[in-house]
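Residue numbers (this note's numbering), protein chains in the order written: chain A, 1 to 107; chain B, 108 to 228.
A virtual CB, placed ideally from N, CA and C, is assigned to each residue, including glycine.
These numbers were taken from a predicted model, which means no experiment stands behind them.
1. So, with DSSP's three-state summary, where would you put residue 175 of chain B?
2. If you drop the 5 nearest sequence neighbours on each side, which residues of the same chain put their C-beta closer than 6 Å to that of residue 108 of chain B?
3. Using a Cβ-Cβ cutoff of less than 6 Å, which residues in the same chain neighbour residue 292 of chain B once the five nearest sequence positions on both sides are dropped?
4. Give a yes or no on whether the minimum CB-CB distance between residue 114 of chain B and chain A is below 8 Å.
5. Return the chain-ordered list of same chain residues with a C-beta closer than 6 Å to the C-beta of residue 144 of chain B, the five sequence neighbours on each side being excluded.
6. Name the residue from B/228, B/221, B/170 whose alpha carbon lies nearest to the alpha carbon of residue 128 of chain B.
7. For residue 121 of chain B, count neighbouring Cβ atoms within 10 angstroms of its own Cβ and tell me buried if that reaches 16, exposed if not.
8. Helix, strand or coil: which one does DSSP assign to residue 81 of chain A?
9. Quick one: Cα of residue 175 of chain B to Cα of residue 77 of chain A, how far?
10. In angstroms, rounded to a whole number, what distance separates the CA positions of residue 115 of chain B and residue 17 of chain A?
11. For a test of the three-state rule: what should DSSP assign to residue 43 of chain A, helix, strand or coil?
12. Does the Cβ-Cβ distance between residue 187 of chain B and residue 146 of chain B come in under 8 Å?
13. I think residue 182 of chain B touches residue 136 of chain B, with their Cβ atoms under 8 Å apart; what is that distance to the nearest whole Å?
14. Applying the 10 Å Cβ sphere with the 16-neighbour rule, what's the burial state of residue 124 of chain B?
15. Between B/213, B/142, B/156, B/112, which lies nearest to residue 164 of chain B when the distance is taken from Cα to Cα?
16. Along chain A, which residues have their Cβ under 8 Å away from the Cβ of residue 109 of chain B?
17. Check the C-beta distance from residue 212 of chain B over to residue 118 of chain B and give it rounded, since I have them as a contact under 8 Å.
18. In angstroms, rounded to a whole number, what distance separates the CA positions of residue 201 of chain B and residue 68 of chain A?
19. What residue does the beta strand (DSSP E) around residue 122 of chain B start on, and which one ends it?
20. For a cutoff of 8 Å on Cβ pairs, would you count residue 130 of chain B as touching chain A?
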């Protein structure tokens, strides 16, 4: 199985800050990484697919980059509604696997 | 607009069978661009992919659960289902049904609201 390791586990930030979350798969997976946002009591929401493509309707302050074994989700200017948990997920091969999540909290 | 909704019992006893159904509305379950997946979330294990089914009936399972899991599809009712037999407390989780979009990096782009399943004697 491909293990997805996210860092940091959690972070605190101010509104307006630039935030970066990293995801590293246990082996190379080309660009088959997707990113999700989950708020308490809700289903995850797709933000980025294929490492860098913005899902329709998602604000442009969200961006993704990377390939191979190093991927990044960036929020360029953190907004109050962005405080949530973020997950990466690989779709390179079965079983499809997720990172453990990064909780973004208000500072 | 495609929507998914899970239904099924929320409380089970150990050794019973978990049965959930996902009703698909606003689109056809026979779409060639979609897989239909089940994912669960528990505090101890985070998000775990259970398996998926294509409209042809082809299934894919997570090997960690494969011996206990069956996913089926009913195209006439536009729904798909999950069965997990011999449940234990470890199967207590929030269960989501999802649409996985072929071509868009096989991403989970549509999710149901989730249904909580608790296994307790």
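Let's see:
1. helix
2. 133
3. The requested residue 292 of chain B does not occur in the structure, where chain B is confined to residues 108 to 228.
4. no
5. For residue 144 of chain B, the CB contacts under 6 Å within the same chain, skipping 5 residues up- and downstream, are 159, 205, 207 in chain order.
6. B/221
7. exposed
8. Annotated three-state conformation of residue 81 of chain A is helix, per DSSP.
9. 45 Å
10. 42 Å
11. Assigned with DSSP and collapsed to three states, residue 43 of chain A falls in coil, not helix or strand.
12. no
13. 6 Å
14. exposed
15. B/142
16. None at all; the shortest Cβ gap to chain A is about 13 Å.
17. Between residue 118 of chain B and residue 212 of chain B the Cβ distance is about 37 Å, and since that is not below 8 Å, they are no contact.
18. 31 Å
19. Here residue 122 of chain B belongs to no beta strand (DSSP E), and DSSP marks it neither H nor E.
20. no
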